[in-house]
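Engineer:
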Ligand code: SF4
Ligand code: SF4
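Chains as they are written, first to last, in the working numbering: chain A, 1 to 191; chain B, 1 to 536.
#1: What does residue 282/B touch in chain A if you count any residue whose Cβ is under 8 Å from its own?
#2: Kindly give me the distance between the Cβ atoms of residue 460/B and residue 489/B, rounded to whole angstroms, as I take these residues to be in contact under 8 Å.
#3: Give a yes or no on whether the C-beta atoms belonging to residue 249/B and residue 322/B are separated by under 8 Å.
#4: With a 10 Å radius around its C-beta and 16 neighbouring C-beta atoms as the bar for buried, classify residue 398/B as buried or exposed.
#5: What do you reckon, is the C-beta of residue 166/B under 7 Å from a heavy atom of ligand 2?
#6: Go ahead and pull the three-state DSSP assignment for residue 254/B.
#7: Cβ of residue 42/A less than 8 Å from any chain B Cβ?
#8: Restricting to runs no shorter than 4 residues, where is the alpha helix (DSSP H) found entirely within the region 93 to 125 of chain A?
#9: Secondary structure at residue 503/B, three-state DSSP: helix, strand or coil?
#10: Along the chain, where does the alpha helix (DSSP H) that runs through residue 468/B open and close?
#11: Hey, is residue 26/A's beta-carbon within less than 8 Å of any beta-carbon in chain B?
#12: Give a yes or no on whether 8 Å exceeds the smallest Cβ distance from residue 63/A to chain B.
#13: Taking Cβ positions only, does residue 39/A come closer than 8 Å to chain B?
#14: Taking Cβ-Cβ distances shorter than 7 Å, what residues in chain B pair up with residue 166/A?
#15: For residue 14/A, I'd like the list of residues in its chain whose CB is within less than 8 Å of its CB, leaving aside the five on either flank, ordered along the chain.
#16: Have a look at residue 294/B and residue 74/B and give me their C-alpha separation to the nearest angstrom.
#17: Less than 7 Å separating the Cβ of residue 46/A from some heavy atom of ligand 2?
#18: Is it buried or exposed, residue 296/B, if we count other Cβ atoms within 10 angstroms and call 16 or more buried?
#19: Is the beta carbon of residue 55/A within less than 7 Å of some heavy atom of ligand 1?
#20: Please list, in chain order, all residues of the same chain as residue 292/B whose beta carbon is under 7 Å from its beta carbon, the five residues on each side excluded.
#21: Have a look at 200/B, 157/B, 196/B and flag the residue whose alpha-carbon is nearest the alpha-carbon of residue 180/B.
#22: When burial is assigned at 16 or more other CB atoms within 10 Å of the CB, is residue 152/A buried or exposed?
#23: What residue range is occupied by the uninterrupted alpha helix (DSSP H) comprising residue 59/A?
#24: Establish whether the CB of residue 494/B and some CB of chain A are separated by less than 8 Å.
#25: Across the region 413 to 428 of chain B and the region 371 to 391 of chain B, are there enough close Cβ pairs to call them in contact, namely three or more that are closer than 8 Å?
#26: Since residue 14/A is in the alpha helix (DSSP H), which residue starts that stretch and which ends it?
#27: Could you give the first and the last residue of the continuous beta strand (DSSP E) run that contains residue 477/B?
#28: Can you determine whether any heavy atom of ligand 2 sits closer than 7 Å to the C-beta of residue 175/B, and answer yes or no?
#29: Going along the chain, which residues of its own chain have a beta-carbon closer than 6 Å to the beta-carbon of residue 359/B, five neighbours each way excluded?
#30: Mind checking residue 131/A: buried by the 16 CB within 10 Å criterion, or exposed?
#31: Residue 483/B and residue 446/B: beta carbons closer than 8 Å?
#32: Would you report the Cα separation of residue 86/A and residue 133/A, rounded to the nearest angstrom?
#33: Would you check whether ligand 1 has a heavy atom nearer than 7 Å to the C-beta of residue 94/B?
#34: As a quick exercise: from 112/B, 37/B, 526/B, 66/B, pick the residue whose alpha carbon is nearest that of residue 43/A.
#35: Give the secondary structure of residue 516/B by DSSP, where H, G and I count as helix, E and B as strand, and everything else as coil.
#36: Could you tell me the distance, in whole angstroms, from the CA atom of residue 426/B to the CA atom of residue 178/B?
Dropping the structure here:
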């Protein structure tokens, strides 16, 4: 299905994309700030300021993912990479945030961030920028749809890991079949 | 829009947690982040207080009426008994150096997982009950009343600390949060508030000798089961003995090595090595567990479970004890066994029958770790090795918290692995050795119902693994801990799929060139050796 994604080769979007590129740093910082609102203030300060990627994997992955998502909006030839960048963020959010809509809301938040960054330009717009922007909005919506898939895949993986682990822990004993006497000491039946 | 601090504020960021605001945020027990409650039967089997059926999800935790009295009295006793605890309660200057060093804080973003705040959960009660300032000034002095909410918060967060001690490396006063958590868990256990994943194995171990509750014949046949695989792969059939009186060495390893993949391949490695050396050793079907889930419950239970190791060494009349690849087992043996159940004056200082090396560091405990035993063999050139058999493995090394940060085992495993593997890459400096990141599932938290918190806690470790995977093509992470072998397998499959987990002696077993072996075409997993892919 075609959600009306903007095509990089369409000349009518070139102007908007050119402007957005000049504001890339501002946009990414604002977008990152919005994501951080999901965390308590002590935590968001840490995620924002610790620049060592090994001391702060959450901050590093989110920044990397956001930049990638932004770049794929601008350069539609890179659309094949969208899921990977969503994965950078959602693999973390999927276990931090059990409610899918809350984990994914950041994707839609980009629309507001873009409008904020374009305040001046939109004020003097003859309607053309606005039209281009709505095409970008559609591309954002498409990223969000892919985001749902990525989020669900991560949650499915968590369930799969649980059952695989139980299998690994008992496989050898099951191989020997009837020799197993009391597996209830393994625990974990209650859920 | 975001209410983020301004750049100038960020430049002087301060992780000091607010003095009291956190007190007004009661813990919300989120599914996926806590474990099932200990079962009535396991509590009974270990004579633990308040055995009953309960669930953390219920409002009523079925506590005795005088629960508060029990907890406060328990705290008083421990303050008198452990001088370190009183020091840890008094000395923290809230500098914040530890705040962002815990893998659970890094992965969850929950401020109560900052080590300094985790300690405050207990410290605030200590202040209220045991300090003058706290009694008079209350919240202004960081003190608060013991309440049911506080108790539930303890339960939630003391079972979200893996007692890994990473935070203490960064604390200028060396405050050891692991010990604070241990005391917190002891207090909870006075009310029967343990988790099933710890109490189940601990009670099984008390009655049957190992965490899974395997009876002697099952334990024995589990090991014998490996012999078929080993024979098929190497053409050699080792002949391990069980409960053999008069053997020189008693070998004790975590039962995970016997029943849980991939630990089982490490177990095959031990069997091959001992066979090749002609080692005069025996397994015990009674001391059939090196791990000690009692250690995650209370010192008393840990001591009870540990007792069988010396008792069995004495019964069998061995000279000394050799321990397999285990993490917390090693901390227990080194730090506590001698005090609890020693002196083992009926044993001799461990001396390698192959090299003659006397392990004087184990003069008192009479037990050494297989990593030092094997490193010594290699140092004396006693093993014929072909590391190219591991050439399809690009390895990185995970320092297990207890053996590495806890007990200083940094070089021995590296010395061994460099002899048996040609491709080895370290993870970044701030994630290894004494700064190693926990697997995220230690101290008895490797259940399945708490998978979300395990994966969050496992993120910092796995993130560094992912980095070396992307940069150097690393496809295996090695370690010497049974919990790591189980837990990392899961966590890395989530964060860095494609990287697998191996024990050290699995690699040794693969590389070991044995007297009279057939031409090997597959490794201990039954997978083709490099160059033999077509033959399979
Ligand atoms: S001991 Fe480990 S798990 Fe516990 S607070 Fe410190 S860093 Fe975190
Ligand atoms: S580093 Fe030590 S003194 Fe500083 S806040 Fe942490 S526990 Fe307290």
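C-beta: ideal position from N, C-alpha, C; glycine also.
This structure is a prediction, so every number in the text was calculated from the model and none was measured.
Structural biologist: This is what the structure holds:
#1: Residue numbering aside, residue 282/B sits at position 282 when the second chain is read from its first letter. Neighbours of residue 282/B in chain A, taken as residues whose beta carbon is under 8 Å from its own, are absent, since the nearest beta carbon is some 21 Å off.
#2: Reading the second chain from its first residue, position 460 is the one you call residue 460/B. Reading the second chain from its first residue, position 489 is the one you call residue 489/B. Contact between residue 460/B and residue 489/B is absent: CB atoms are separated by about 17 Å, not below the 8 Å threshold.
#3: Counting from 1 along the second chain, the entry for residue 249/B is found at position 249. Counting from 1 along the second chain, the entry for residue 322/B is found at position 322. Closer than 8 Å, so yes.
#4: The sequence position of residue 398/B within the second chain is 398, counting from 1. The residue in question, residue 398/B, is buried, as its Cβ has 16 or more Cβ neighbours within 10 Å.
#5: Here the question's residue 166/B lines up with position 166 in the second chain. No, ligand 2 has no heavy atom inside 7 Å of this Cβ.
#6: Translated into the one-based positions of the second chain, residue 254/B becomes position 254. Looking at residue 254/B - three-state DSSP - the assignment turns out to be coil, as it is neither helix nor strand.
#7: Numbered from its first residue, the first chain carries residue 42/A at position 42. So yes, residue 42/A belongs to the interface.
#8: Scanning the region 93 to 125 of chain A from its first residue to its last, the whole alpha helix (DSSP H) runs of 4-plus residues come out as 100 to 117, 119 to 123.
#9: Here residue 503/B refers to the residue found at position 503 when the second chain is read from its first residue. It is a strand residue.
#10: As a first step, residue 468/B must be located in the second chain, where it is residue number 468. Looking at the DSSP string, the run of the alpha helix (DSSP H) that includes residue 468/B is 451 to 472.
#11: Within the first chain, the letter at position 26 stands for residue 26/A. Taking Cβ atoms only, chain B never reaches closer than 8 Å to residue 26/A, which makes this a no.
#12: The count along the first chain starts at 1 and reaches residue 63/A at position 63. No - not a single Cβ of chain B is within 8 Å of the one on residue 63/A.
#13: What you label residue 39/A is simply residue 39 of the first chain in a count that begins at 1. Yes, its Cβ sits closer than 8 Å to a Cβ of chain B.
#14: Here the question's residue 166/A lines up with position 166 in the first chain. Per Cβ cutoff of 7 Å: 448.
#15: Residue numbering aside, residue 14/A sits at position 14 when the first chain is read from its first letter. Nothing meets the Cβ criterion.
#16: Position 294 of the second chain, counted from the first residue, corresponds to residue 294/B. Position 74 of the second chain, counted from the first residue, corresponds to residue 74/B. Approximately 18 Å, taken between the alpha carbons.
#17: Taking the first chain and counting its residues from 1, the one referred to as residue 46/A is at position 46. No, since every heavy atom of ligand 2 falls outside the 7 Å radius drawn around the Cβ of residue 46/A.
#18: Counted from its first residue, the second chain places residue 296/B at position 296. By the Cβ-count criterion, residue 296/B is buried, with 16 or more other Cβ atoms from all chains shown falling within 10 Å of its own Cβ.
#19: By one-based count along the first chain, residue 55/A stands at place 55. No, the Cβ of residue 55/A stays beyond 7 Å of every heavy atom of ligand 1.
#20: Position 292 of the second chain, counted from the first residue, corresponds to residue 292/B. Same-chain partners within the cutoff: 302, 305, 306, 328, 329, 332.
#21: If you number the second chain from 1, residue 180/B lands on position 180. Residue 157/B holds the alpha-carbon nearest to the alpha-carbon of residue 180/B among 200/B, 157/B, 196/B.
#22: Residue numbering aside, residue 152/A sits at position 152 when the first chain is read from its first letter. Exposed is the call here.
#23: Here residue 59/A refers to the residue found at position 59 of the first chain. From DSSP, the alpha helix (DSSP H) with residue 59/A extends over 57 to 74.
#24: One-based indexing of the second chain puts residue 494/B at position 494. Interface annotation, residue 494/B: in contact with chain A, CB-CB separation under 8 Å.
#25: These segments touch.
#26: Here residue 14/A refers to the residue found at position 14 of the first chain. 14 to 22 is the extent of the alpha helix (DSSP H) around residue 14/A.
#27: On the second chain, position 477 is the one that residue 477/B refers to. Counting along the chain, the beta strand (DSSP E) containing residue 477/B begins and ends at 476 to 479.
#28: Taking the first residue of the second chain as position 1, residue 175/B is located at position 175. Answer for residue 175/B: yes, Cβ within range of ligand 2.
#29: Stepping through the second chain from its first residue, residue 359/B is reached at position 359. The residues are 350, 368.
#30: Position 131 of the first chain, counted from the start, is the residue given in the question as residue 131/A. Exposed.
#31: Walking along the second chain from the start, residue 483/B turns up at place 483. Walking along the second chain from the start, residue 446/B turns up at place 446. Closer than 8 Å, so yes.
#32: Taking the first chain and counting its residues from 1, the one referred to as residue 86/A is at position 86. Taking the first chain and counting its residues from 1, the one referred to as residue 133/A is at position 133. Taking the straight line from one Cα to the other gives about 21 Å.
#33: Counted from its first residue, the second chain places residue 94/B at position 94. Checking every heavy atom of ligand 1 against the Cβ of residue 94/B, none is found closer than 7 Å.
#34: One-based indexing of the first chain puts residue 43/A at position 43. Selected option, being the one with the closest Cα: 112/B.
#35: Walking along the second chain from the start, residue 516/B turns up at place 516. The answer is coil: DSSP assigns residue 516/B none of H, G, I, E or B.
#36: For the purposes of this step, residue 426/B is taken as the residue at position 426 of the second chain. For the purposes of this step, residue 178/B is taken as the residue at position 178 of the second chain. Near 26 Å, if we compare the C-alpha coordinates of residue 178/B and residue 426/B.
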